[in-house]
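*Asks:* In terms of the working numbering, the sequence shown opens at residue 15 and continues consecutively. This is the structure, below, for whatever I ask next.
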Amino acid sequence: MRFFYYIFLWNLVLCGAASSSDVQAQVAKNTVSGYIRDAESGETLIGVAVYAPRYAQGTSSNAYGFYSLTLPADTVTLRVSYIGYQTFTEKIDLRKAQTLNINLQPESAELEEVVIKADNYQEQVRSTQMSVNKLTMQDAKMLPALFGEVDIIKTLQLKPGVTNAGEGSSGIYVRGGGPDQNLVLLDEAQVYNPSHLFGFFSSFNSDAVKSVELFKGGFPAEYGGKLSSVLDVKLNEGNDKRWAGSGGIGSVASRLTLEGPIVKGKSSFIVSARRTYVDLLTRAINKANEDKESEEDYVPIPNYYFYDLNIKTHYDFSQKDKLYASAFFSRDVFTFALQDLRFKFSWGNRAATLRWNHVFNPKLFLNTTLTYSGYDYEIDNKFGDFSFLLGSGIKDVALKTDFLYAPSAKHTVKFGAVANHRIFDVSRLSTDSPNDEFEVDLGETLEAQEYGVYISDDIVLSSRVQLNTGLRLSGFSSDSKFYSGAEPRFSLRYSLSENVSFKAAYTQMYQYVHLVANSAASLPTDVWYPSTQKVKPQNSRQIGLGITWKINDQWLFTNEPYYKWLNQQVDFRDGAQLFVNENLEEEFVFGKGYAYGNEIYLERTAGKLRGWVSYTWSQSWRDFEDINGGKRFHPRNDRTHDLSVVVMYELNKRLTFTGTFVYNTGTAYSLPTGRYYLQDPLAANPAGSDYTLPISVVPVYEGRNTFRLPAYHRMDLGLVWKQNTKKFQSDLTFSVYNAYNRRNPYFIFFKEKTREVEVNGETKLERVGFTPTQVSLFPIIPAVTYNFKF
Numbered sequence: 015m016r017f018f019y020y021i022f023l024w025n026l027v028l029c030g031a032a033s034s035s036d037v038q039a040q041v042a043k044n045t046v047s048g049y050i051r052d053a054e055s056g057e058t059l060i061g062v063a064v065y066a067p068r069y070a071q072g073t074s075s076n077a078y079g080f081y082s083l084t085l086p087a088d089t090v091t092l093r094v095s096y097i098g099y100q101t102f103t104e105k106i107d108l109r110k111a112q113t114l115n116i117n118l119q120p121e122s123a124e125l126e127e128v129v130i131k132a133d134n135y136q137e138q139v140r141s142t143q144m145s146v147n148k149l150t151m152q153d154a155k156m157l158p159a160l161f162g163e164v165d166i167i168k169t170l171q172l173k174p175g176v177t178n179a180g181e182g183s184s185g186i187y188v189r190g191g192g193p194d195q196n197l198v199l200l201d202e203a204q205v206y207n208p209s210h211l212f213g214f215f216s217s218f219n220s221d222a223v224k225s226v227e228l229f230k231g232g233f234p235a236e237y238g239g240k241l242s243s244v245l246d247v248k249l250n251e252g253n254d255k256r257w258a259g260s261g262g263i264g265s266v267a268s269r270l271t272l273e274g275p276i277v278k279g280k281s282s283f284i285v286s287a288r289r290t291y292v293d294l295l296t297r298a299i300n301k302a303n304e305d306k307e308s309e310e311d312y313v314p315i316p317n318y319y320f321y322d323l324n325i326k327t328h329y330d331f332s333q334k335d336k337l338y339a340s341a342f343f344s345r346d347v348f349t350f351a352l353q354d355l356r357f358k359f360s361w362g363n364r365a366a367t368l369r370w371n372h373v374f375n376p377k378l379f380l381n382t383t384l385t386y387s388g389y390d391y392e393i394d395n396k397f398g399d400f401s402f403l404l405g406s407g408i409k410d411v412a413l414k415t416d417f418l419y420a421p422s423a424k425h426t427v428k429f430g431a432v433a434n435h436r437i438f439d440v441s442r443l444s445t446d447s448p449n450d451e452f453e454v455d456l457g458e459t460l461e462a463q464e465y466g467v468y469i470s471d472d473i474v475l476s477s478r479v480q481l482n483t484g485l486r487l488s489g490f491s492s493d494s495k496f497y498s499g500a501e502p503r504f505s506l507r508y509s510l511s512e513n514v515s516f517k518a519a520y521t522q523m524y525q526y527v528h529l530v531a532n533s534a535a536s537l538p539t540d541v542w543y544p545s546t547q548k549v550k551p552q553n554s555r556q557i558g559l560g561i562t563w564k565i566n567d568q569w570l571f572t573n574e575p576y577y578k579w580l581n582q583q584v585d586f587r588d589g590a591q592l593f594v595n596e597n598l599e600e601e602f603v604f605g606k607g608y609a610y611g612n613e614i615y616l617e618r619t620a621g622k623l624r625g626w627v628s629y630t631w632s633q634s635w636r637d638f639e640d641i642n643g644g645k646r647f648h649p650r651n652d653r654t655h656d657l658s659v660v661v662m663y664e665l666n667k668r669l670t671f672t673g674t675f676v677y678n679t680g681t682a683y684s685l686p687t688g689r690y691y692l693q694d695p696l697a698a699n700p701a702g703s704d705y706t707l708p709i710s711v712v713p714v715y716e717g718r719n720t721f722r723l724p725a726y727h728r729m730d731l732g733l734v735w736k737q738n739t740k741k742f743q744s745d746l747t748f749s750v751y752n753a754y755n756r757r758n759p760y761f762i763f764f765k766e767k768t769r770e771v772e773v774n775g776e777t778k779l780e781r782v783g784f785t786p787t788q789v790s791l792f793p794i795i796p797a798v799t800y801n802f803k804f
């Protein structure tokens, strides 16, 4: 702990030094600050590069569109650039502090994109941040997708270090971590299960999303609570200039977004909704077949639908005070009815954010946020007069405050605190029967509190060296037990030249809330559980190295090797009982893990041909004393090789061809290496028995995940046909998922082989073995989606 104490003191000294140096230089320097917005919609823009070429100093707008840059008190030229917008250049008189709000004009189709992209690449070379994937909605909407449904999480699976959770799934594994180790934020509120259709689609409506960032390492100090990644999704704020709308009609769902001003130039709203309509068709079919319900061989079609809804509004009280409010709801409902059987399975998320921005002065910015998050699932099953209800859930309320202090062009200090109260509704099981003979009421409710304080400083030490150093202190209270941890963060950038930089990062993280999963994918029935007296917090350490090379104005290359240590990993013991045990933690076992790999990324975002190539070589392991005989094993998400190729080629102004190709090593899998038969010695061959012997078959496993499914590979193709006018834009997107009809394995089961034999003059079946049988989900799937914007 002495080491962390010194680190904390070092941060305080840096802040003091920054403040004192600023006092001494007040005569010689002044600050320009303000908000950067889209000139047409009034939306604030995140990560815009603001640069003073004469002094080789710059900054970028924060997550709320605010920037602050301190420069010599002189006439200064500012160059402001952002992807998809015309570069803004202006001379300003900095003999006194200036407030300069900048409205960027979206680029027209005739402008050369390279002018804008060059500055963006330069900012990536200059930044200390590494191990981050950024995604634009423009690219996500262009790429071919399953059933034509745009999915930002599936698009992130095409980036290095990100592995999918299975065929068609929107779940992700990052650098060997588990599904519970990803912190998913929507406007700063946590989303616990961001998926629809049992994981095949994400819950994020692309029409409502402003920006997406996935941090895989080198985590900024303001993030905590998870080990492997942070997925930070920001919603659009709404057009405060004029009314607008957008939407789409797809193969499985349609969506509609409306936005406009409440008070023009000061406040706005946006409402974005999406819903499937497959259930409307299945209900009509079932209603038409109602007269067949009494037939024994009749099976109705299950009903399924999902929806999600985003609402956001903001109000600018003044140049210094802004208030934002947003809400998110999603729900999946699956129902099935057959004679006396009634089955309903539903799950969903709720999230809400109330946020206040305040500018104390050009150098000090405050953001205070109150959030609510909730997730639950429920299985309601009835058979005749007997019923049972199964479910689980989690909800939390958090308050956090974040400060941004920019005393000079050489220091950007961030500090803040967060407090979070969580309630866990764990594994509820209740049953009911007419005679009360089978009544059961099980489950537990737990409460916990999580805290965090942090400070970081992004320091320009010289023209070649920049350092980001920070410390986060976290705490967690539950079950009369208090845990705490120190989480140091370091990131270093050394510029080998103007276009090439070397980067290094070290991060330590603690995780106090665990997702206890009974499968490889993150399913709706997985259970969230807090750290307790027995269940200790997970923790990790990660180091990463990297090189960022702006080859020219059109190409960017990065290479990042990493190594990660994972401790106190949680899993179920063999034969665990999830819903008939009032103390679920008795079913847990604990172990450790580690992961390492190398990520290569080549990107081109200018010209007619755009896209990227991503390749990851990696290894991940788990080591549990109570699993696999204490021998280390690969988790199911381990992928040795993972390759993605993304191409977008503009044939002309109206037609764009898109394509993706993915290849990865097959899933690690447990398969039996043999079987033995158990026979009841008291049982005879009863008359009418189908088999010669009443035996049970017991599979024999040599170890966990010792086999691999066949390699996964797939090609998707698409064609986007744009039809634009001044006030109305639309496109038809034709896509083909799995274009060459590859039958990728989803899982393998063993089909019993039998033969007929004569026993006492009767024909019986005799077991002679088992044949492995592969199950595949998606063949070639064409889709058409119509998108519009006005």
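For glycine and all other residues, C-beta sits at the position ideal for the given N, C-alpha and C.
1) Using three-state DSSP, classify N581 as helix, strand or coil.
2) Give me the Cα-Cα distance between L733 and Q195, rounded to the nearest whole angstrom.
3) Counting C-beta neighbours from all protein chains within 10 Å, is the total for Y690 16 or more, i.e. buried, or is it exposed?
4) Between D254 and chain B, is the shortest Cβ-Cβ distance under 9 Å, so that the two count as touching?
5) Can you name the start and end residues of the alpha helix (DSSP H) that A431 belongs to?
6) Between P502 and F348, what straight-line distance do the alpha-carbon atoms span, to the nearest angstrom?
7) May I ask you to list the residues that DSSP assigns as paired with I762?
8) Go through its chain and collect everything with a Cβ distance to T290's Cβ below 6 Å, but skip five positions before and after it.
9) Can we say the region 374 to 381 touches the region 281 to 301, given the rule of at least three CB pairs closer than 8 Å?
10) Could you pull out every unbroken beta strand (DSSP E) segment of at least 3 residues lying fully inside the region 79 to 126, listed in chain order?
11) Could you check if N147 is buried or exposed, using at least 16 other CB atoms within 10 Å of its CB as the buried criterion?
12) Measuring only the C-alpha atoms, how far is E776 from S209?
13) Enumerate in chain order the residues of its own chain whose CB-to-CB distance from A123 is below 8 Å, with the five nearest sequence positions on each side excluded.
14) Here's the rule I'm using: 16 or more other beta-carbon atoms within 10 Å means buried, otherwise exposed. How should R486 be labelled?
15) Going along the chain, which unbroken runs of the beta strand (DSSP E) with 3 or more residues stay wholly within the region 611 to 697?
16) Figure out for me which residue from R109, G499, F748 and F504 has the closest Cα to the Cα of Q525.
17) Within its chain, find whatever has a CB closer than 7 Å to the CB of P686; leave out the 5 residues flanking it on each side and keep chain order.
18) May I have the straight-line CA-CA distance separating L791 from R269, to the nearest angstrom?
19) If we count Cβ pairs, one from each stretch, closer than 8 Å, do we get three or more for the region 607 to 625 versus the region 562 to 570?
20) Indicate whether I166 and V247 have their beta-carbon atoms separated by less than 9 Å.
21) Would you kindly work out how many angstroms separate the C-alpha atoms of G259 and F742, rounded to a whole number?
22) Check for me: the alpha helix (DSSP H) holding V815 runs from which residue to which?
23) According to the neighbour-count rule (16 or more other Cβ atoms, all chains shown, within 10 Å of its Cβ), is Y19 buried or exposed?
24) How is the alpha helix (DSSP H) around K168 delimited, first residue to last?
25) Taking DSSP as the reference, what is the three-state secondary structure of E601?
26) Would you give the residue range spanned by the alpha helix (DSSP H) that Q353 belongs to?
27) Is F742 helix, strand or coil when you go by DSSP?
28) Among F161, L323, N395 and L481, which one has its Cα closest to the Cα of T445?
29) In terms of residues, what are the limits of the beta strand (DSSP E) holding D52?
30) Which whole-angstrom value describes the C-beta separation of K495 and R507, a residue pair presumed to lie in contact below a C-beta threshold of 8 Å?
31) Check each candidate in P421, P544, F400 and F429 and name the one with the smallest Cα separation from I408.
32) Out of K240, T271 and K224, which has the shortest C-alpha to C-alpha gap to F802?
33) DSSP on L160, reduced to helix/strand/coil?
34) Roughly how many angstroms lie between the CA atoms of G30 and S441, to the nearest whole one?
35) So the beta strand (DSSP E) Q522 belongs to, where does it begin and stop?
36) Roughly how many angstroms lie between the CA atoms of T142 and A365, to the nearest whole one?
*Replies:* Let me spell this out:
1) strand
2) 36 Å
3) exposed
4) Note that chain B does not occur in the displayed structure, where there is just one protein chain.
5) Where A431 is concerned, there is no enclosing alpha helix (DSSP H), although the beta strand (DSSP E) it sits in stretches over H425 to D446.
6) 45 Å
7) Q788
8) V266, A267, Y319 and F320
9) no
10) 80 to 86, 89 to 95, 102 to 107 and 116 to 118
11) buried
12) 53 Å
13) Because A123 sits at a pLDDT of 43, beneath the cut-off of 50, its placement in the model cannot be relied upon, and the following sentence gives the value as read from the coordinates. Taken in chain order, the residues that qualify are K667.
14) buried
15) 623 to 638, 655 to 664, 669 to 678 and 688 to 693
16) G499
17) P713, V714 and Y715
18) 26 Å
19) yes
20) yes
21) 10 Å
22) Nothing in the structure corresponds to residue 815, since the chain is present only between 15 and 804.
23) Because the pLDDT at Y19 is just 43, under 50, the model does not fix this residue reliably, and the value given afterwards should be weighed accordingly. Under this definition Y19 is an exposed residue.
24) I166 to L170
25) helix
26) Taken as a continuous stretch (DSSP letters only), Q353 belongs to no alpha helix (DSSP H), as it is neither H nor E.
27) coil
28) N395
29) K43 to D52
30) So it is not a contact: roughly 40 Å between Cβ atoms.
31) P544
32) T271
33) helix
34) Legend: pLDDT at G30 = 46, less than 50; position of this residue unreliable, value from coordinates given subsequently. Going by the C-alpha atoms only, they are around 50 Å apart.
35) V514 to Q525
36) 32 Å
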